[in-house]
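What follows is one structure encoded as structure tokens, with my remarks underneath.
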Amino acid sequence: MEYILIIISAVFVNNILLAQFLGVCPFLGVSNKVSTAVGMSGAVCFVMAVATLVTYMVQYYILVPLHIEFMQTITFIVVIASLVQMVEIILKKISPSLYQALGIFLPLITTNCAVLGVAIMVVTKEFTFGGDAHLLNLGQSVVYAIASALGFGLAMTLFAGLREQLELSNVPKAFKGIPIALVTAGILAMAFMGFSGLVK
Amino acid sequence: MSNLSLITKGIIKENPTFVLMLGMCPTLGTTTSAMNGLGMGLATMVVLVLSNMAISSVASFIPAKVRIPCYIVIIAAFVTIVQFVMQAYVPALYETLGLFIPLIVVNCIVLGRAEAFASKNSVIRSAFDGLGIGLGFACSLTVLGFVRELFGGLSVFGHKLADADGMLAFVLAPGAFIVLGYLMVLFNKAKTKIS
Amino acid sequence: MAKESTFSNMVITLFVVCLVASAGVGGIYALTKDLIDAAKIAKVNSAISGVVPDFDNDPSAEKFEVTTDGKTSMVYPAKKDGEIVGYAIEAATSKGFGGAIVLMVGFEPDGTIYNTAVISHTETPGLGDKIDVKKSNFSVQFNGKNPETFHLSVKKDGGDVDAITASTISSRAFCDAVETAYKTFKDIQQK
């Protein structure tokens, strides 16, 4: 039950992009086409799940026992950066077709704040899924990371669809490009607010 | 380019928010009030100046292939330092900005300036560049926060103007996107008029 | 310009950069640690002096823990000329919209709420954060009320508290924390 709540909450209610503003750069940058948006989301989903798994273990098996929690930011970003590199190399070797589809997005993911944001959030923020506030355990953290990435993908794909339509419509000159995209994103965020209250 | 123009270009010609459109996450996420926007902007500016200086002084010793990881580690160190200093001296602001302080590490502005400017210029010029871009970022965040706070909470820098509720939507997530979109239009209009 | 990348100098550079960065961060951490702790204590102290009548002792020095209904709260007794003038009770709830809410609730010796202060919360800006007295006067309605006669739940649930518009969950959580503090207070009184 708790897992279902986590998924609904992360995908719809507290959507990482539209409610928490994490990962807005790729959201505005690579959402011109639905196909690229889907590719990017796939890559983010994969990296976010693995990164959260590894950083969670780094936090509880290395940083906490050694009392060096203050190194959190540095270690996490180093872990994420090397992970992205590793994924790139492994993908190239074992699945060239997948690498072709996701490859160009991978370097961009290191500086996607959604990945670092989720990694830090699961070890510091207390969640209130199903009753009392508590820190998430390993399984919940990974589920939360995957659900967040799915929420990212959902918002990204919807937005890319809207932007494809915008290309064809007659937009005032001053609004062309990013400004109209931002206003559209605002309206999309408003639609997502309709989900609030669905899960506490 | 003189040092002074390095500062002014960051505010208008290469404004990180309105022109380069970098660092959107903190821009949208922390600007629920003018004060929060200013705090976030200044924190980023400090990291930017320090990391620019450090990177420009060590850039020549770093092998090209590992330069990005090295820059990231240097930036992360400065971010953590800023985090501690804020916790010690402005704990209330630190709590409101929360997650977005450690996330300065992945703010594309900081890494972007390190790679595009600091690695190729002298320490002093890099410091001024960081100061200019940082000021530009702080200004944009303050303006965005100011507008959202004014309409959303009917107050200016925390001072209530009227004892009534504002338009809540401005403070919530949708308001961030929409206000930024409209401010960008105004900025572009003003810029074309000047030039 | 950047050096040539051989395997050994790449490894050495990365290692040195990481070492220097960690040393720097560690150093600053050691320097600011005391200040950070002091800032946290100062916050608690200023909350205490806001929620109880004038006192002349040091409540933080005389603090003690009380466990009521399985919830542990910290109690700070405020005294003037040796007489108890009030208790500041730090109570938490996990029922907030964004997570835990920690309050400091001050009681006069007869159980009347003197004042409340929010220590920490993660409620939505513009909505739930109105529990903070700086944002709205929601919390002011508790002052001068005795929970014996003033029902600590929102009107929707049959209580006496006017909830914050569109933030019923945050308002309920606030009531819950005050209720916990009151139970703790009654527990102290009985001893």
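Chains as they are written, first to last, in the numbering used here: chain A, 1 to 200; chain B, 1001 to 1195; chain C, 2001 to 2191. Backbone N, C-alpha and C define an ideal beta-carbon position, used for all residues, glycine too.
When DSSP reads this structure, residue 2103 of chain C sits in a beta bridge with C:2091, C:2118.
Boundaries of the alpha helix (DSSP H) harbouring residue 164 of chain A: 138–168, taken from the DSSP string. Bounds of the alpha helix (DSSP H) holding residue 1191 of chain B are 1173–1194. In terms of beta-carbon proximity, residue 10 of chain A stays away from the interface with chain B, with every pair separated by 8 Å or more.
Boundaries cannot be given for residue 126 of chain A, as no alpha helix (DSSP H) includes it and DSSP labels it neither H nor E. With a threshold of 16 other beta carbon atoms within 10 Å, residue 2114 of chain C meets it and is buried.
Going by DSSP, residue 2075 of chain C is part of the beta strand (DSSP E) stretching over 2071–2080. Within the stretch 1156–1172 of chain B, 1168, 1171, 1172 place their CB atoms closer than 7 Å to a CB of chain C, listed in sequence order.
Using a CB distance cut-off of 8 Å, residue 1177 of chain B does not count as an interface residue toward chain C.
Looking at the backbone, the Cα of residue 1084 of chain B and that of residue 28 of chain A are separated by about 32 Å. Residue 173 of chain A has a beta carbon lying at 8 Å or more from every beta carbon in chain C.
The beta carbon of residue 145 of chain A lies closer than 6 Å to those of 48, 49, 52, 118 in the same chain, with the five residues before and after it left out.
Excluding five sequence positions before and after residue 2154 of chain C, the CB atoms of its chain that fall closer than 8 Å to its own CB belong to 2161, 2162, 2163, 2168, 2171, 2172, 2175, given in chain order. Put simply, the stretch 1167–1180 of chain B does not touch the stretch 1065–1082 of chain B. Fewer than three CB pairs are less than 8 Å apart. Taking 8 Å as the threshold, the shortest C-beta distance from residue 2021 of chain C to chain B falls below it.
By the neighbour-count criterion, in which 16 or more other beta carbons inside 10 Å mark a residue as buried, residue 1159 of chain B falls on the exposed side. For a Cβ distance threshold of 7 Å, residue set 2099, 2100 of chain C lies close to residue 126 of chain A, ordered along the chain.
Contact note: residue 2039 of chain C reaches chain B through 1087, 1088, 1089, 1091, using a C-beta cutoff of 8 Å and chain order.
Within chain A, no residue has its CB atom less than 7 Å from the CB of residue 2075 of chain C, the nearest being about 22 Å off. Going by DSSP, residue 2064 of chain C is part of the beta strand (DSSP E) stretching over 2064–2068.
For residue 2183 of chain C against residue 2069 of chain C, the beta-carbon gap comes to about 6 Å, under 8 Å, which counts as contact.
Buried is the label assigned to residue 1087 of chain B, since at least 16 other Cβ atoms lie within 10 Å of its Cβ. DSSP, reduced to helix, strand and coil, places residue 74 of chain A within a helical segment of the structure shown.
Of all C-beta pairs linking the stretch 2095–2107 of chain C to the stretch 2022–2036 of chain C, fewer than three are shorter than 8 Å, placing the two stretches out of contact.
Annotation: Cβ neighbours of residue 2025 of chain C in chain A (cutoff 8 Å, chain order): 70, 71, 74. With respect to the 8 Å criterion, residue 73 of chain A and residue 1105 of chain B are classified as neighbours on the basis of their beta carbons. Setting aside the 5 residues that flank it on each side, residue 15 of chain A is surrounded in the same chain by 151, 155, 192, each with a C-beta closer than 7 Å to its C-beta; the list follows chain order.
Taking a C-beta distance under 8 Å as the contact criterion, residue 1128 of chain B and residue 1003 of chain B qualify as a contact pair. Residue 1031 of chain B has a beta carbon lying at 8 Å or more from every beta carbon in chain C. Against chain B, a Cβ distance below 9 Å from residue 45 of chain A picks out nothing, because the smallest value is about 18 Å. Residue 19 of chain A has a beta carbon lying within less than 8 Å of a beta carbon in chain B.
Here residue 1160 of chain B is bridged, per DSSP, to B:1155. At a cut-off of 8 Å, the C-beta of residue 34 of chain A has no neighbouring C-beta in chain B. Annotation for residue 2140 of chain C: 2133 place their beta carbon closer than 7 Å to its own, counting only its chain and skipping 5 residues before and after. Contact check for residue 2078 of chain C against residue 2104 of chain C fails: the beta carbons are separated by 8 Å or more.
At a cut-off of 8 Å between beta-carbon atoms, residue 1077 of chain B makes contact with chain C.
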